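Trainee: Pasting in a structure now, in structure tokens, and then I'll have a few things to ask.
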Amino acid sequence: MSALALRLARQTCSRRALSCARPLSTTARRAADPWLLPNTPEHLEKTTSPPDAPAPTPLPRPGEPIENMRARLVYQSRKRGTLESDLLLSTFAKERLGTMDEAELREFDKLMDEPDWDIYYWATGKKAPPERWANSRILEKLREHVRNEGKVVRRMPDLS
Numbered sequence: 001m002s003a004l005a006l007r008l009a010r011q012t013c014s015r016r017a018l019s020c021a022r023p024l025s026t027t028a029r030r031a032a033d034p035w036l037l038p039n040t041p042e043h044l045e046k047t048t049s050p051p052d053a054p055a056p057t058p059l060p061r062p063g064e065p066i067e068n069m070r071a072r073l074v075y076q077s078r079k080r081g082t083l084e085s086d087l088l089l090s091t092f093a094k095e096r097l098g099t100m101d102e103a104e105l106r107e108f109d110k111l112m113d114e115p116d117w118d119i120y121y122w123a124t125g126k127k128a129p130p131e132r133w134a135n136s137r138i139l140e141k142l143r144e145h146v147r148n149e150g151k152v153v154r155r156m157p158d159l160s
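Quick note: the sequence shown, position 24, residue 24 per our numbering, numbers continuous.
In structure tokens form, the structure reads like this:
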């Protein structure tokens with residue numbers, strides 16, 4: 001390449017770079033937030049399951065011993081997928097699973113099959129539960145736990 005061609009190529013690249021440069025802005029772009037905050041009307045609307053949605057079909061676990069079920073429910077209550085549900089359900093499980101009888105454990109197991117945000121909003125009273133959970137003893141105990149009338153500072157329990 002000749003010296004003249006090389007100089008012209010450099011000038012062309014420099015001009016292109018200057019003409020294509022965008023001016024810098026110090027203001028933040030105003031775009032819709034893809035991560036809605038919980039307890040806002042928008043979040044409630046986006047995470048609501050249809051009222052006529054059928055109950056989830058639980059995995060069959062024939063012959064599962066009660067202690068295995070209790071251990072599985074402790075784990076499942078910690079690993080839901082949303083921090084809000086994890087915190088509510090794991091602290092509830094730590095406080096209550098040890099004293100639940102088999103019928104209550106099975107009911108809690110069925111509750112664990114429901115979507116995270118539905119459980120969260122049913123427990124916090126932001127949404128009414130569907131008919132299948134309207135008279136649930138476990139959901140009532142969870143609501144009592146969520147009210148936290150003793151003002152206990154809660155954190156994720158350790159796995160032991």
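Every residue gets a Cβ at the ideal spot worked out from N, C-alpha and C, and that includes glycine. Bear in mind the structure is a predicted one, so any value in this text is a computation, not a measurement.
Relative to the C-alpha of L111, which candidate in D158, P34 and P129 has its C-alpha closest?
Mentor: Indexing the sequence shown from 1 puts residue 111 at position 111. Closest by alpha carbon: P129.
Trainee: When every heavy atom of the ligand PLP is checked, does at least one fall within less than 6 Å of the C-beta of L36?
Mentor: Among the components modelled here there is no ligand, and therefore nothing to report on the ligand PLP.
Trainee: Would you kindly work out how many angstroms separate the C-alpha atoms of S77 and T40, rounded to a whole number?
Mentor: The count along the sequence shown starts at 1 and reaches residue 77 at position 77. The count along the sequence shown starts at 1 and reaches residue 40 at position 40. Their backbone Cα atoms lie some 24 Å apart in a straight line.
Trainee: Buried or exposed: where does R80 fall if 16 or more other Cβ atoms within 10 Å of its Cβ makes it buried?
Mentor: For this step, residue 80 is matched to residue 80 along the sequence shown. That one is buried.
Trainee: What first and last residue would you give for the alpha helix (DSSP H) that runs through A128?
Mentor: Position 128 of the sequence shown, counting from 1, holds the residue named residue 128. Here A128 belongs to no alpha helix (DSSP H), and DSSP marks it neither H nor E.
Trainee: Given a cut-off of 7 Å, decide if P38 and E104 are closer than it, judged by their beta-carbon atoms.
Mentor: Stepping through the sequence shown from its first residue, residue 104 is reached at position 104. Stepping through the sequence shown from its first residue, residue 38 is reached at position 38. No, the Cβ-Cβ distance between E104 and P38 is not below 7 Å.
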